[in-house]
Amino acid sequence: MTENGKLSLARVFEGGNGAQLQIELPQLRLSAELQGIDASFPNVLLDETCYELRDTVEGILSSPTDIVGIELPPAPVKLNLLPDSWRRRRLQLTRQAEWRKRLLWIGGAYGAVLLLLFAYLGLLRLQIGQFSRRIAHDAPETEFVRATEAKWKALAPAIDAHYYPVEILLHLFESLPSPDVRITAYNQSARQISVDGEANTTALAYQFFEKVKKNPELRSFQFDMAAPRILSNDHAQFRLEGRAK
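In terms of the numbering used here, the numbers along the sequence shown are unbroken and rise by one, the last being 271.
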């Protein structure tokens, strides 16, 4: 029930048959009048699906009844009216934008890596420059140390007892394995010595060579010996050469 376009009273009738309306509609009118609502029903609207109840409603309410159709809102349908060429172009543009964004990220990362690399190279160059300046600053002292070391090495045979000829000859004779090994010549320079000798057998010559190498008093030299030469009397003639370490 409406008045001046406003809803005044509403009620739901279940079943929708004529017998029920004979009971419900008078009660609806009575309820409206008790609430002070005009129940004269100058106009009655009936849905077209209830057309068979038109005569019943007119008889009960004594008012002309009009049939109306209530249209439901159409179901939402997602329409795409763009042509296929436009859709493909839009998809292509979307992909191009995504690739452009990816390339920007890749370019940014590459630029950051290059920036870090240049910074690292600059730091290395700075450190190399510092080391070069330090080396140049310490060069006179380093040269002095090297020169002093060379002088001491040159003077070593004169001031170190290990280089005295008498000391060396003493330790060489201590290394003789037996009286069958004899030293026949001895020569010494600043950094090198040579010992010529003769042994009754080749084995004795090698024994002498091994004892000389193992003598702790002769550790300042590194000794080498070529293969002994066999003489006509089967004796072995040998030569030891020692170089200062």
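We put the beta carbon where it would ideally sit given N, CA and C, even for glycine.
Where the alpha helix (DSSP H) through residue i begins and ends
{"i": "Arg80", "result": "Arg80 to Leu87"}
{"i": "Ile194", "result": "Pro191 to Glu200"}
{"i": "Glu236", "result": "Thr228 to Lys240"}
Spatial neighbours of residue i in its chain, beta-carbon cut-off 8 Å, leaving aside the 5 residues before and after
{"i": "Asn69", "result": "Ser89, Pro90 and Asp92"}
{"i": "Val139", "result": "none"}
{"i": "His163", "result": "none"}
{"i": "Ser246", "result": "Asp186, His188, Tyr189, Ala270 and Lys271"}
{"i": "Thr228", "result": "Pro254, Ile256 and Ala262"}
Between the CA atoms of residue j and residue i - distance to the nearest angstrom
{"i": "Glu175", "j": "Pro191", "result": "23 Å"}
{"i": "Leu198", "j": "Ile154", "result": "52 Å"}
{"i": "Phe235", "j": "Leu149", "result": "57 Å"}
{"i": "Glu167", "j": "Ala180", "result": "20 Å"}
{"i": "Tyr146", "j": "Gly134", "result": "18 Å"}
{"i": "Leu152", "j": "Tyr136", "result": "24 Å"}
{"i": "Asn213", "j": "Ala165", "result": "39 Å"}
{"i": "Arg116", "j": "Leu130", "result": "21 Å"}
{"i": "Ile194", "j": "Pro203", "result": "16 Å"}
{"i": "Gly85", "j": "Glu59", "result": "19 Å"}
{"i": "Lys177", "j": "Gln218", "result": "17 Å"}
{"i": "Ala173", "j": "Val207", "result": "43 Å"}
{"i": "His143", "j": "Arg113", "result": "This sequence places Leu at residue 143; His is not what is there. Between Leu143 and Arg113, the C-alpha separation is close to 45 Å."}
{"i": "Arg126", "j": "Ser111", "result": "22 Å"}
Sequence-distant residues of the same chain with beta carbon closer than 6 Å to residue i, five excluded per side
{"i": "Gln248", "result": "Arg269 and Lys271"}
{"i": "Ala211", "result": "Asp222"}
{"i": "Ser220", "result": "Asn213 and Glu267"}
Cβ-based burial, residue i [other Cβ within 10 Å; buried from 16]
{"i": "Tyr189", "result": "buried"}
{"i": "Phe170", "result": "exposed"}
{"i": "Thr82", "result": "buried"}
{"i": "Ala262", "result": "buried"}
{"i": "Pro254", "result": "buried"}
{"i": "Ser158", "result": "exposed"}
{"i": "Ser66", "result": "exposed"}
{"i": "Leu257", "result": "exposed"}
{"i": "Ala231", "result": "buried"}
{"i": "Leu54", "result": "buried"}
{"i": "Pro264", "result": "The displayed chain sequence assigns Phe, not Pro, to residue 264. Looking at its Cβ environment, which holds 16 or more other Cβ atoms inside 10 Å, Phe264 is buried."}
Best match in the options for proximity to residue i [C-alpha to C-alpha]
{"i": "Gln233", "options": "Leu266, Gln214 and Cys76", "result": "Leu266"}
{"i": "Leu196", "options": "Arg172, Gly95, Asn241 and Ile161", "result": "Asn241"}
{"i": "Pro205", "options": "Ala216, Ile219 and Ala225", "result": "Ala225"}
{"i": "Glu78", "options": "Thr210, Ala45, Arg55 and Gln218", "result": "Ala45"}
{"i": "Arg80", "options": "Trp112, Ser111 and Leu47", "result": "Leu47"}
{"i": "Gly95", "options": "Glu124, Thr75, Met251 and Gly62", "result": "Thr75"}
Contact set for residue i: own chain, Cβ-Cβ below 7 Å, skip 5 residues either direction
{"i": "Arg121", "result": "none"}
{"i": "Asp64", "result": "Glu29"}
{"i": "Val238", "result": "Leu198, Ser201, Leu244, Phe249 and Leu266"}
Continuous beta strand (DSSP E) stretch holding residue i: start and end
{"i": "Leu266", "result": "Ala262 to Ala270"}
{"i": "Arg245", "result": "Premise fails: Arg245 is in no beta strand (DSSP E) and is neither H nor E."}
{"i": "Gln214", "result": "Val207 to Gln214"}
{"i": "Gly223", "result": "Gln218 to Ala225"}
{"i": "Ile93", "result": "Thr91 to Val94"}
Interface flag, residue i vs chain D, CB-CB below 8 Å
{"i": "Tyr232", "result": "Given the protein chain composition of this structure (a single chain), no chain D is represented."}
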